[in-house]
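*Asks:* The sequence shown maps to residues 1125 to 1668 in my numbering. Each residue gets a CB set at the ideal place from its N, CA and C atoms; glycine is no exception. Given the structure is predicted, the values throughout are model-derived calculations rather than measurements.
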Amino acid sequence: MLQTVISIMFYLTFIIYAFLGVFCFALNKNATLNRVFLLVCFSFSIWAFAFAVSNSLNHVEDVIFWRRVASLGWGVAFSFIVHFILILTQKQNWLTNKIVYIAIYLPAGITVFVFGLYGKLANAQYNLVHTEAGWGNIAVNNIWDAFYNLYYLSFSIFILYLLIKWYQNSDDATDKKQALSMLLAFSLSVAIGTVSEMLVNNYLSEKTPSVAPIIILIPVTAFSYNIRKYGFMTPDKSKKIRDAREILSNATHSTFIRYIAIGYLSVSFFNILQTFFYPTVLWSDMLFSTIFVIMGLFIYSLTVAGLSIMAQDRIMTALITLTMPLTFFRFHENQMSNVLWTIPLIYLMMTIIFNYKKMFAMIAVVSTIIGILSCIIQPEQFIHVGTVDYFARLVIYSMVIILAAFINRIYVARLKENEHQVRFQKMISSITTSFIAITSENFDNKVTELLKRSGSYINADRAYICSFSKNIDTFSYAYRWLDEHVKPTIRETENYETTAFSWCKERLLNNQIVYLPNPGALPLEADEERAEILKHQIQSIIGV
């Protein structure tokens, strides 16, 4: 049982690494920092995945094979971390020197070759011992072990040195905070990892599996948290305008696809957990679950692939129609078939919010075919329904509830948006009709009515039309409208210096909209404007 638990912990760690890498990459796919962090996470995910599979096996030859696969991860991990830290600490100019690149990646290449690729030499590097918790490795203590220890320790010390120098040389308080947190996290992981990997199995009688992939979660989580918190991985802003015929905006479409991706990752982990309740082969479950992990990561990456909405929907349709028969043929003789028959219904619900008829048609056809095949393959089936089955049903209920809530929120938002557009069109029509009959006698009243209608439309309590002087040095409020409960705070006839509103003036003269949801939205250089706005107790401004 302990061996199974440790193996599942490795597998969960694999999912976390893979998701963190893709998540941070999606925040800004064009940034070198994000790309290198993706490589860091993928190297750790290979390490954790290979350890998960190897720790669930019983034959030493199979275990050695997967340990060699793991070297593709741990063999290059510290080189990727050094590369990442050099960029993070703004020392990327070092990377322009080819010798530095060779110094960073040559040890990784040698390690992977010796411990993973070169047949008999690689096999000779592992001295595996089976324990209650899984497979532990006792160091061979040859020249290659010494080489890797030197690689691991020297690169770890260099990383700590870079973080210390970053902390010491940074004038910015934010940089110091994140440098300190990363320094502490990496120091802790190096200390724990060194003790567990180099000392425990060599000097203690009780052998344990290597838990290094789990320990490395400490600095990786700190890296991803700090990068997200302090804005190193800023999301790209989409400037696309939604087609009125579409149910989902670009942003909401991306969010929904990412939820689906997370759903695939969750399913992969739940599939592993069935080993506690049903007689299954854990390593086989892991390999099958990895298909869902890869699908989930691929789906998540669709949102930053630069594809059109239609192209994304086509790919989603293909993946979903592949997932359904894959799940059916995997579990049709399994106890889980008792609840998994409802999965096509969830997919059909999803098609409601995708503006793609072929998705609905494909899923409907595949669902029908699967239903017919189920009847042919197993016309009768007697299943015992127990606690686990009820729990699985609750999970599916939760998925349906979350999906229904998401759909409801989208449709309510669209209804409100449509209502908003109708009100806007009515306002424009009313103002246009009103100005048809404009004369010199009623001009002022018409303009005031214009301000009242437009101000009321956006729930403002006042609206002004200001005019600049010829030399743009001063401005005055030619017309104004105040809501009934609002007292005037400015005089209409008074001229105001534009120097106190230089930031707003520059944007308005460049035909840019000034939108300030609160005074804090002003940049640092607009302190005078902020003071003036606070003086008049103004909460927000829209200027055109």
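Please confirm whether L1144 and C1165 have their CB atoms less than 7 angstroms apart.
*Replies:* In contact: L1144 and C1165 (Cβ atoms closer than 7 angstroms).
*Asks:* Given this structure, state the Cα-to-Cα distance separating I1226 from F1282, to the nearest angstrom.
*Replies:* Going from the Cα of I1226 to the Cα of F1282 covers about 16 angstroms.
*Asks:* Output yes or no for whether 7 angstroms exceeds the beta carbon distance between R1654 and L1648.
*Replies:* No, the pair does not count as a contact, with Cβ atoms beyond the cut-off.
*Asks:* Just to confirm before moving on: does the CB-CB distance between T1451 and M1486 stay below 7 angstroms?
*Replies:* Their beta carbons are not under 7 angstroms apart, which means T1451 does not touch M1486 by this criterion.
*Asks:* Report the option in N1595, R1586 and F1208 whose CA atom is closest to the CA atom of Y1601.
*Replies:* That would be R1586, whose Cα lies nearest to the Cα of Y1601.
*Asks:* Report yes or no: do the stretch 1131-1144 and the stretch 1385-1398 share at least 3 C-beta pairs separated by less than 8 angstroms?
*Replies:* The stretch 1131-1144 vs the stretch 1385-1398: in contact.
*Asks:* Quick one: using the 10 Å Cβ neighbour count with 16 as the cut-off for buried, is D1597 buried or exposed?
*Replies:* Exposed, since its Cβ has fewer than 16 Cβ neighbours within 10 Å.
*Asks:* Quick one: using the 10 Å Cβ neighbour count with 16 as the cut-off for buried, is L1518 buried or exposed?
*Replies:* Its Cβ having fewer than 16 others within 10 Å, L1518 is exposed.
*Asks:* In three-state terms, what does DSSP make of L1646?
*Replies:* In this structure, L1646 counts as coil in the three-state DSSP scheme.
*Asks:* Taking the Cβ atom as the reference point for each residue, do N1182 and I1130 lie within a distance shorter than 7 angstroms?
*Replies:* The answer is no: Cβ separation not under 7 angstroms.
*Asks:* The alpha helix (DSSP H) with W1190 in it runs from where to where?
*Replies:* It spans V1184 to L1212 - the alpha helix (DSSP H) in which W1190 sits, taken as one unbroken run.
*Asks:* Assess, as a yes-or-no matter, whether the stretch 1531-1543 is touched by the stretch 1553-1573 under the definition of 3 or more beta carbon pairs within less than 8 angstroms.
*Replies:* No: the two stretches stay apart, fewer than three of their Cβ pairs being nearer than 8 angstroms.
*Asks:* Going by DSSP, what residue range makes up the beta strand (DSSP E) through Y1601?
*Replies:* Residues T1598 to L1606.
*Asks:* Hey, how far is the Cα of D1269 from the Cα of S1311?
*Replies:* Rounded to whole angstroms, D1269 to S1311 spans 22 angstroms at the Cα level.
*Asks:* Where does N1158 land, buried or exposed, given buried means 16+ other C-beta within 10 angstroms?
*Replies:* Buried, by the Cβ-count rule.
*Asks:* Thinking just about the alpha-carbon of each residue, which of L1151, F1412, A1232 and F1478 is nearest to the one in R1274?
*Replies:* A quick correction: the sequence has Leu, not Arg, at residue 1274. Among L1151, F1412, A1232 and F1478, the Cα nearest to that of L1274 belongs to A1232.
*Asks:* Nearest to Y1383 by alpha carbon, out of W1465, I1526 and L1443?
*Replies:* Cα-wise, what sits closest to Y1383 is I1526.
*Asks:* With a cut-off of 8 angstroms, do at least 3 Cβ pairs link the stretch 1166-1173 to the stretch 1331-1347?
*Replies:* As far as the Cβ criterion goes, the stretch 1166-1173 touches the stretch 1331-1347, which means the pair count is three or higher.
*Asks:* Going by C-alpha to C-alpha distance, which of V1463, T1318, N1374 and I1467 sits closest to M1448?
*Replies:* Selected option, being the one with the closest Cα: I1467.
*Asks:* Since N1261 sits in a beta bridge, which residues does DSSP pair it with?
*Replies:* L1252.
*Asks:* When you compare only the Cα positions, how much space is there between A1584 and K1594?
*Replies:* Distance between the alpha carbons of A1584 and K1594: 29 angstroms.
*Asks:* Considering only the beta carbon of each residue, do V1187 and L1252 sit closer than 7 angstroms?
*Replies:* Yes, Cβ-Cβ distance for V1187 and L1252 is below 7 angstroms.
*Asks:* For L1307 and L1241, what's the separation of their Cα atoms in angstroms?
*Replies:* Rounded to the nearest angstrom, the two C-alpha atoms are 33 angstroms apart.
*Asks:* Would you kindly check if the distance between the Cβ of V1200 and the Cβ of W1190 is under 7 angstroms?
*Replies:* Taking 7 angstroms as the Cβ cut-off, W1190 and V1200 do not qualify as a contacting pair.
*Asks:* Can you find the residues in the same chain that come closer than 8 angstroms, C-beta to C-beta, to L1230, ignoring five residues on each side of it along the sequence?
*Replies:* Around L1230: no qualifying Cβ.
*Asks:* Tell me which same chain residues have a C-beta within less than 8 angstroms of the C-beta of I1470, skipping the five on either side of it?
*Replies:* Only I1520, M1523, V1524 and L1527 meet the Cβ criterion.
*Asks:* Mapping the DSSP letters down to three states, classify I1555 as helix, strand or coil.
*Replies:* Here I1555 sits in helix by DSSP.
*Asks:* Output the distance between the C-alpha atoms of I1415 and V1314, rounded to the nearest integer angstrom.
*Replies:* Cα to Cα, I1415 sits roughly 32 angstroms from V1314.
*Asks:* Is L1162 near F1149, with beta carbons less than 7 angstroms apart?
*Replies:* Cβ distance < 7 angstroms, so L1162 and F1149 count as in contact.
*Asks:* Only counting the same chain, and skipping five residues up and downstream in sequence, which positions put a Cβ closer than 6 angstroms to that of E1656?
*Replies:* Hits under 6 angstroms: A1624.
*Asks:* Kindly identify the DSSP beta-bridge partner or partners of V1524.
*Replies:* DSSP lists no partner for V1524.
*Asks:* Residue range of the beta strand (DSSP E) that T1592 falls in?
*Replies:* The sequence shown places Phe at residue 1592, not Thr. Residues R1586 to F1592.
*Asks:* Of all the options E1185, N1217, Q1127 and T1220, which has the alpha carbon lying nearest to the alpha carbon of G1243?
*Replies:* That would be E1185, whose Cα lies nearest to the Cα of G1243.
*Asks:* Assign M1419 to one of two classes, buried (16 or more other C-beta atoms within 10 Å of its C-beta) or exposed (fewer than that).
*Replies:* Flag for M1419 reads buried.
*Asks:* Around the Cβ of T1213, are there at least 16 other Cβ atoms within 10 angstroms (buried) or fewer (exposed)?
*Replies:* Burial call: buried.
*Asks:* List the residues that DSSP assigns as beta-bridge partners of I1386.
*Replies:* DSSP lists no partner for I1386.
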